[in-house]
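*Asks:* Residue numbers (UniProt numbering): 1 to 371.
The beta carbon of each residue, even a glycine, is placed where N, CA and C say it ideally should be.
Computed from a prediction, not measured in an experiment: that's the story for all the values here.
Put into structure tokens, the structure is as follows:
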């Protein structure tokens with residue numbers, strides 16, 4: 001009987017089986033990633049393209065095999081993603097035009113992967129952009145249509161004298177109050193619609209000292225002596241931007257502080273330099289305070305921490321949304337610190353590009369830059 005000349009190697013056979021299994025799984029993973037609707041681009045430690053899926057060709061304009069091994073910065077050079085990439089892509093980028101597709105919008109995120117590698121992800125948000133535009137148009141159109149009938153109703157209510165019908169006096173007062181509140185909601189919605197359609201503001205000289213003095217007078221008038229209102233101007237720094245919109249944003253913060261601070265409380269308005277050569281407008285109160293779970297949602301439309309308290313104070317639920325949009329147009333941000341029972345601080349933080357200091361402010365004023 002003949003003996004087989006092949007000597008069995010169990011360890012080698014197990015290694016080959018394992019290698020084939022790993023290779024099969026890698027093919028499955030690559031195939032799955034290739035069919036994802038989101039663009040996926042794998043970059044090496046020097047940001048050269050190692051691999052990308054079919055969606056990356058569609059959304060980012062990459063072509064295989066031409067773009068394999070190329071620097072990602074070169075591929076994004078003439079796109080709306082270029083400034084974000086050059087700046088380090090530290091935060092997700094939202095709602096930008098897809099490279100080579102003017103009618104499509106994407107969001108982009110850069111994630112660390114493996115050993116000094118990066119994963120670039122891009123998602124098509126065109127349908128969300130269209131839905132958002134439909135919502136904006138609807139809100140703007142409805143608000144505009146409501147303005148006239150509300151004005152007529154409010155006008156007729158003003159003509160009615162409660163003394164002529166004393167038994168209806170409480171009803172008429174409530175109708176006037178609700179008509180005025182509805183009118184303010186409509187005006188705030190129209191303001192929001194205008195801000196949402198803007199992509200920049202004019203660089204006008206905003207003189208902060210008179211603006212801050214005006215805000216203090218507004219706070220004292222709204223408070224009617226129920227609160228202690230202080231103003232602290234640490235440095236004579238002015239701003240570049242829209243005086244009307246900045247006044248609206250600051251006024252919203254001041255009026256909120258008055259509304260949500262009990263009688264006898266303190267409200268401090270402050271304008272001071274901040275980190276990184278910026279400046280901060282802040283309003284600090286000794287009011288009810290806000291639980292931490294609510295802070296992230298405060299700038300949403302109509303979001304209320306307490307519905308009953310907001311209605312009693314006369315707020316529309318749109319003020320902080322207006323503040324957020326105004327600050328976005330001025331490349332600024334809203335910072336909120338609060339603790340229940342101890343009060344809140346709302347701060348508008350401006351970068352150095354929006355500031356006019358010393359001689360700059362004087363030169364702008366002398367040149368007649370409008371205020």
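Could you tell me the alpha carbon to alpha carbon distance between residue 135 and residue 202, rounded to whole angstroms?
*Replies:* Cα to Cα, residue 135 sits roughly 26 Å from residue 202.
*Asks:* With DSSP as the reference, identify every bridge partner of residue 273, one or two as the case may be.
*Replies:* In the DSSP output, where bridge partners are listed per residue, residue 273 has 279.
*Asks:* If you follow the beta strand (DSSP E) that residue 290 is part of, which residue opens it and which one closes it?
*Replies:* That residue, residue 290, is in no beta strand (DSSP E); it is neither H nor E in DSSP.
*Asks:* Roughly how many angstroms separate the alpha carbons of residue 82 and residue 59, rounded to a whole number?
*Replies:* One C-alpha to the other measures close to 15 Å.
*Asks:* In the DSSP assignment, find the alpha helix (DSSP H) that holds residue 133 and state where it starts and stops.
*Replies:* Here the alpha helix (DSSP H) through residue 133 covers 126-159.
*Asks:* Does DSSP classify residue 352 as helix, strand or coil?
*Replies:* The answer is helix: DSSP assigns residue 352 an H, G or I state.
*Asks:* If you drop the 5 nearest sequence neighbours on each side, which residues of the same chain put their C-beta closer than 7 Å to that of residue 172?
*Replies:* Cβ within range, chain order: 157, 160 and 162.
*Asks:* Skipping 5 residues on each side, what residues in its chain have a beta carbon closer than 8 Å to that of residue 324?
*Replies:* The answer, listed in chain order, is 299 and 334.
*Asks:* Could I get the ranges of all uninterrupted beta strand (DSSP E) runs contained in the region 224-256, with 3 residues as the minimum, in chain order?
*Replies:* For the region 224-256, whole beta strand (DSSP E) runs of length 3 or above, ordered along the chain, are 228-233 and 237-241.
*Asks:* Classify residue 302 as buried or exposed, calling it buried when 16 or more other Cβ atoms lie within 10 Å of its own Cβ.
*Replies:* By the neighbour-count rule (16 or more Cβ atoms within 10 Å), residue 302 is not buried but exposed.
*Asks:* Our contact map puts residue 278 next to residue 343 with C-beta atoms below 8 Å; I'd like the distance itself, whole angstroms only.
*Replies:* Not a contact, Cβ separation roughly 24 Å.
*Asks:* Quick one: grab the DSSP three-state call for residue 89.
*Replies:* DSSP places residue 89 in coil when its eight states are reduced to three.
*Asks:* Distance, Cα to Cα, residue 304 vs residue 245?
*Replies:* If you take the alpha carbons of residue 304 and residue 245, they lie about 23 Å apart.
*Asks:* Quick check: what's the CA-CA separation for residue 271 versus residue 207?
*Replies:* Roughly 12 Å between the two C-alpha positions.
*Asks:* Report buried or exposed for residue 141, applying the criterion of at least 16 other Cβ atoms within 10 angstroms of its Cβ.
*Replies:* Under this definition residue 141 is an exposed residue.
*Asks:* Do the region 177-188 and the region 145-156 make contact, defined as three or more Cβ pairs closer than 8 Å?
*Replies:* Because the criterion of three Cβ pairs below 8 Å is met, the region 177-188 and the region 145-156 touch.
*Asks:* Under a three-way DSSP split, which group does residue 206 fall into?
*Replies:* If DSSP states are grouped into helix, strand and coil, residue 206 belongs with the strands.
*Asks:* Indicate the three-state DSSP secondary structure (helix, strand or coil) for residue 340 in the structure shown.
*Replies:* Coil at residue 340, not helix or strand.
*Asks:* Using the Cα positions of residue 445 and residue 77, report the straight-line distance between them to the nearest angstrom.
*Replies:* This structure cannot settle anything about residue 445, because the visible part of the chain is limited to 1 through 371.
*Asks:* Can you find the residues in the same chain that come closer than 7 Å, C-beta to C-beta, to residue 125, ignoring five residues on each side of it along the sequence?
*Replies:* Result list for residue 125: 95, 105, 106 and 107, in chain order.
*Asks:* Take residue 143 as the anchor and find which of 112, 166, 167 and 192 has the nearest alpha-carbon.
*Replies:* Residue 143 has its Cα closest to that of 192, out of 112, 166, 167 and 192.
*Asks:* Exposed or buried, what is residue 103 when buried is set at 16 or more other beta-carbons lying within 10 Å of its beta-carbon?
*Replies:* Residue 103 comes out exposed.
*Asks:* Could you say if the region 34-43 and the region 9-23 meet the contact criterion of at least three C-beta pairs nearer than 8 Å?
*Replies:* Segments in contact, no.
*Asks:* Go to residue 40, then tell me how far its beta strand (DSSP E) extends in each direction, as first and last residue.
*Replies:* Element bounds for residue 40: 39-43.
*Asks:* On the DSSP bridge list, what partners appear for residue 178?
*Replies:* Partner(s): none; residue 178 has no beta bridge.
*Asks:* Using only the alpha-carbon positions, how far apart do residue 238 and residue 205 sit?
*Replies:* Going by the C-alpha atoms only, they are around 7 Å apart.
*Asks:* Taking DSSP as the reference, what is the three-state secondary structure of residue 62?
*Replies:* Reduced to three states, the DSSP call for residue 62 is coil.
*Asks:* Using only alpha-carbon positions, find the residue among 57, 341, 356 and 49 that is nearest to residue 209.
*Replies:* For the residues 57, 341, 356 and 49, the minimum Cα distance to residue 209 belongs to 356.
*Asks:* Hey, how far is the Cα of residue 49 from the Cα of residue 347?
*Replies:* The alpha-carbon atoms of residue 49 and residue 347 are separated by roughly 42 Å.
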